[in-house]
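First up is the structure itself, then whatever we jot down about it.
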Amino acid sequence: MWMVGSMLACLLAITAPAVASDAAGTAQEREEKQELQQEQEPREKAAPIQRYLESVSELEAEGGAWAPALQQELFGLGLAYQRDGRHAEAVTTLSRAEHLTRINEGLYSSSDLPILERLIESHAALGDWEKVQNRYRQVFLIHQRNYGENDERLLPVLYRLSAWHMRAYLDAIGGEPAQHLLTARNFYDSAITIIETNSGIQDRRIADTLRRRALIDYYVASSMPVIHESFGFGAEPADEAAIQARIANSFAAGRDALRRVVDLRDADVQSNELERSEALAELADWHQLFARRQSALRLYQQAWAQGERSGSEAAQVRDTVFGRPLPLPQLPADFDSVPGSRADTAWIKIRFVVNENGRATDVQVVESSPPATDRNISRLRKRVLSTAFRPRFESGQPVATANVDYLYSYTP
């Protein structure tokens with residue numbers, strides 16, 4: 014064994030210089046290859062753009078500025094600009110492609126839809142939220158004109174538009190915040206009407222739509238000033254009575270929507286016990302958000318009992334619905350930030366306790382990057398302390414949970 018080891022050591026010693034030389038050669042080759050790639054990358058990016066520009070020029074020379082064949086080439090050129098991050102040029106080019114489509118195929122041609130989708134991306138990248146909203150409106154009008162007002166094929170675009178308006182409200186972009194809420198609510202109401210008209214009042218898709226509709230009611234209740242659905246030139250001052258009335262109306266609307274979700278889950282043979290328990294827990298969350306803790310506790314315990322009766326699903330219900338504290342309200346993924354609307358470059362990690370009442374206490378900063386200012390820490394602490402939580406449950410009772418971590422991203 015020792016001999017083998019000595020021979021191996023000698024072999025390594027003898028071959029080491031050669032290996033080093035090979036490594037040096039390889040490193041040099043890699044550097045040269047990298048330099049070559051860096052030189053080629055701009056040319057490769059420019060190549061498709063240049064090809065499209067040449068093709069557009071040829072088509073214009075042959076058929077004029079309105080040649081139908083230009084539409085596809087302009088669309089390709091717009092995509093090439095997008096891939097290169099040149100969104101202003103992409104908007105100009107794609108807008109021309111859209112204009113050509115409208116001239117050659119009519120104002121409401123479905124051929125416009127792929128172009129509009131790409132225009133939405135570039136407008137968002139440029140932060141032009143008014144144009145984003147206008148393009149979404151065009152998408153909706155094309156679908157409506159082609160399918161009619163009560164066709165189920167309208168549902169995907171109604172959901173997309175509702176989600177856009179909710180994201181715009183949450184990120185405070187693109188117009189009057191209250192109007193985003195009202196528009197999103199109207200689109201969800203339209204979606205429910207379409208489903209009920211075509212598939213009946215027990216269709217399971219209604220439940221998910223109602224859950225999103227209830228979220229809007231929550232934000233209507235918590236938004237300031239009072240929302241006026243009118244065309245006046247100025248906003249009337251918000252008074253306490255009007256605020257309380259709005260909160261009461263929004264609470265009732267959301268509660269009734271979530272009660273219907275519970276009924277729909279119970280009646281739906283495709284629903285499992287997890288979905289039924291979650292529906293009850295979300296109704297409890299609603300009461301928790303409005304500080305009606307006794308009603309919330311009663312409903313949470315009903316949801317717990319529902320899960321305990323589910324046999325083999327009981328453990329999953331306990332873990333999924335009640336296994337950890339949840340900040341409220343819970344937002345669906347399609348309500349996440351609008352692409353291009355945020356450029357978070359900093360974060361703060363905090364740790365706190367969620368007590369049995371679903372409130373945060375003992376908020377501590379764990380770390381931050383870059384070092385957070387006292388102002389940012391104070392704002393985050395206030396935000397966490399004002400957040401309602403669904404508390405963790407054990408044996409049907411709410412319990413405190415220590416060491417809850419949260420990472421908050423923001424722009425300094």
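Per our numbering, the very first residue in the sequence shown carries number 14; after that it's consecutive. C-beta atoms are modelled at their ideal positions from N, C-alpha and C, and glycine is treated no differently. Computed from a predicted structure; not experimentally measured.
- A Cβ-Cβ contact shorter than 8 Å links Leu-126 with Ile-155.
- Per DSSP, the unbroken beta strand (DSSP E) holding Ala-373 starts and ends at 373 to 382.
- Where Ile-186 is concerned, there is no enclosing beta strand (DSSP E), because DSSP gives it neither an H nor an E.
- A residue is called buried once 16 or more other Cβ atoms fall within 10 Å of its Cβ, and Ala-220 is buried on that count.
- Of Gly-336, Ile-214 and Ala-204, the smallest CA-CA separation from Arg-226 is found for Ala-204.
- Excluding the 5 residues flanking it on each side, Asp-281 has same chain C-beta neighbours closer than 6 Å at Arg-217, in chain order.
- Contact between the region 398 to 408 and the region 367 to 379 is present: 3 or more CB-CB pairs across the two stretches fall below 8 Å.
- Gly-320 and Asn-262 have their C-alpha atoms spaced approximately 31 Å apart.
- Between Gly-91 and Trp-142, the C-beta gap is not smaller than 8 Å, which leaves the two residues out of contact.
- The count of Cβ pairs closer than 8 Å, one atom from the region 116 to 125 and one from the region 133 to 140, stays below three, leaving the stretches out of contact.
- Here the region 77 to 86 lies against the region 101 to 116, with 3 or more beta-carbon pairs under 8 Å apart.
- A residue is called buried once 16 or more other Cβ atoms fall within 10 Å of its Cβ, and Glu-71, having fewer, is exposed.
- By the criterion of at least three beta-carbon pairs nearer than 8 Å, the region 302 to 319 is not in contact with the region 376 to 386.
- In the DSSP secondary-structure assignment, Phe-200 is not bridged to any residue.
- For Leu-420, no alpha helix (DSSP H) encloses it; the enclosing beta strand (DSSP E) starts and ends at 414 to 423.
- The secondary-structure analysis by DSSP pairs Val-367 across a beta bridge with Ala-373 and Thr-414.
- Three or more Cβ pairs closer than 8 Å define a contact, and the region 328 to 341 falls short of that threshold against the region 383 to 390.
- Secondary structure note for Glu-143: its alpha helix (DSSP H) is the uninterrupted segment 142 to 160.
- Residue environment analysis places Thr-358 among the exposed positions, since fewer than 16 neighbouring C-beta atoms fall within 10 angstroms of its C-beta.
- Between Val-233 and Arg-268, the C-beta gap is not smaller than 8 Å, which leaves the two residues out of contact.
- Short of 7 Å from the beta carbon of Ala-176, and not among the five residues preceding or following it, lie these beta carbons of its own chain, in chain order: Asp-347 and Phe-348.
- DSSP places Ala-78 outside both helix and strand once states are collapsed to three, so it counts as coil.
- Just so you know, the alpha carbons of Lys-362 and Glu-162 end up roughly 48 Å apart.
- For Arg-225, the enclosing alpha helix (DSSP H) covers residues 218 to 235.
- Between Val-275 and Ala-292, the gap from beta carbon to beta carbon is short of 8 Å.
- One alpha carbon belongs to Arg-278, the other to Trp-299, and they sit about 17 Å apart.
- When Leu-393, Tyr-201, Val-104 and Ser-399 are compared, the shortest CA-CA separation from Tyr-419 is found for Leu-393.
- For Glu-118, the uninterrupted alpha helix (DSSP H) run begins and ends at 100 to 118, by DSSP.
- Note that the C-beta distance between Pro-345 and Thr-400 is not below 8 Å.
- For Ile-214, the three-state secondary structure derived from DSSP is coil.
- Glu-326: not part of any alpha helix (DSSP H); DSSP gives it neither H nor E.
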